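Enquirer: In terms of this note's numbering, the sequence shown opens at residue 15 and continues consecutively. No residue lacks a Cβ here, since even glycine has one placed at the ideal position from N, Cα and C. Just so we're clear, the structure is a prediction, and the values are computed from it rather than from any experiment.
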Amino acid sequence: MADLTTSPLQSPSETMQHPGAIFIQLHTFCNAKCINCPHPFTYGQKGMHPKGIMEEKVWNKIVQDIKSMEYRNQIGLYLQQEPLLDSTIFKKIKQINEETQAFVVVSTNGSLLDEKMRKNLIESSLQTVHININSADKEQYEKMTGLVFERTINNVKSFVNEAADKIHIEINCPVLPEVDTDKLIRLFPNIKVTTVQIKILT
Ligand code: SF4
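1. Measuring only the C-alpha atoms, how far is T208 from Q115?
2. In this structure, does DSSP put K206 in helix, strand or coil?
3. So is the beta-carbon of H63 under 8 Å away from any non-hydrogen atom of ligand 1?
4. Shorter than 8 Å, the distance from the beta carbon of N123 to the closest heavy atom of ligand 1, or not?
5. Could you tell me how far apart the beta carbons of M158 and I49 are, in whole angstroms, since I believe they sit closer than 8 Å?
6. Quick one: is R200 buried, meaning 16 or more other Cβ sit within 10 Å of its Cβ, or exposed?
7. Could you have a look at S139 and say whether DSSP puts it in helix, strand or coil?
8. Is it buried or exposed for M131, if we count other Cβ within 10 angstroms and need 16 for buried?
9. Is K71 close to ligand 1? I mean its beta-carbon at under 8 Å from any heavy atom of the ligand.
10. Is DSSP giving T195 helix, strand or coil here?
11. Give the DSSP-derived three-state secondary structure of V72 in the structure shown.
12. With distances taken Cα to Cα, identify the nearest neighbour of E69 among E153, H144, K106, V120.
13. If contact is defined by three or more beta carbon pairs under 8 Å, each pair taking one atom from either stretch, is the segment 138-148 in contact with the segment 176-191?
14. Which same chain residues end up closer than 8 Å to M229 when comparing Cβ atoms and leaving out the 5 residues on each side of it in sequence?
15. Buried or exposed for G58, please, with buried defined as at least 16 other CB atoms from any protein chain shown within 10 angstroms of its CB.
This is how it looks when you write it as structure tokens:
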């Protein structure tokens, strides 16, 4: 899942030594078709790049490198894909927590956050989840993402209720100018909702 934010959590001395965030793409797949995302042209139907899943030996090498460099900042397990499509992600989050000094941030479109997924994600003890929702209007949302509005909103509301005191959650909204951002903010009254206006180039 693409995201527009970065970690604010490093001190100036840490910034000199390490990047504030390292992003690791565990696979190249997504269940959405967001009109603001280049995924169709990278790993989607019109994609130019090879599609696939990271091999375990590559993952373990990355973890060892993170550990040996004593990296203490953000590991973002996302980019141009939906991270919750990978059932190994929970084990990998725990591995980062247990074997390194880094912390994990995930950015998701939220549609897959069913009961089992919410439980696994909360138990993995990641630090932050960013959830990207493009509109509080069903028709707009479904046109912009190809996802089912009620499913996403119900799952995200349940996740916010169950995880709010355990995980830092932010709702990030890449919105078109015509989207009612106040309606979006009212939908999640207890969570920071950040809206960023986007323009689709034709
Ligand atoms: S969910 Fe994220 S990665 Fe997938 S199409 Fe939308 S913006 Fe792109």
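Expert: So, to answer that:
1. For T208 and Q115, the distance between alpha carbons rounds to 28 Å.
2. Strand at K206.
3. No.
4. At least one heavy atom of ligand 1 is nearer than 8 Å to the Cβ of N123, so yes.
5. The beta carbons of M158 and I49 sit about 5 Å from each other, so the pair counts as a contact at 8 Å.
6. So R200 counts as exposed.
7. Three-state DSSP puts S139 in coil, outside helix and strand.
8. By the neighbour-count definition (other C-beta atoms within 10 Å, threshold 16), M131 is a buried residue.
9. Because no heavy atom of ligand 1 lies under 8 Å away, the Cβ of K71 does not count as near it: no.
10. Helix at T195.
11. In this structure, DSSP gives V72 a helical state, which the three-state scheme calls helix.
12. Nearest to E69 by alpha-carbon distance, out of E153, H144, K106, V120, is K106.
13. With the cut-off at 8 Å, the segment 176-191 and the segment 138-148 touch.
14. In the structure as shown, the chain starts at 15 and stops at 216, and residue 229 therefore has no counterpart that could be examined.
15. Taking a 10 Å sphere around the C-beta of G58, we find 16 or more other C-beta atoms and assign the residue as buried.
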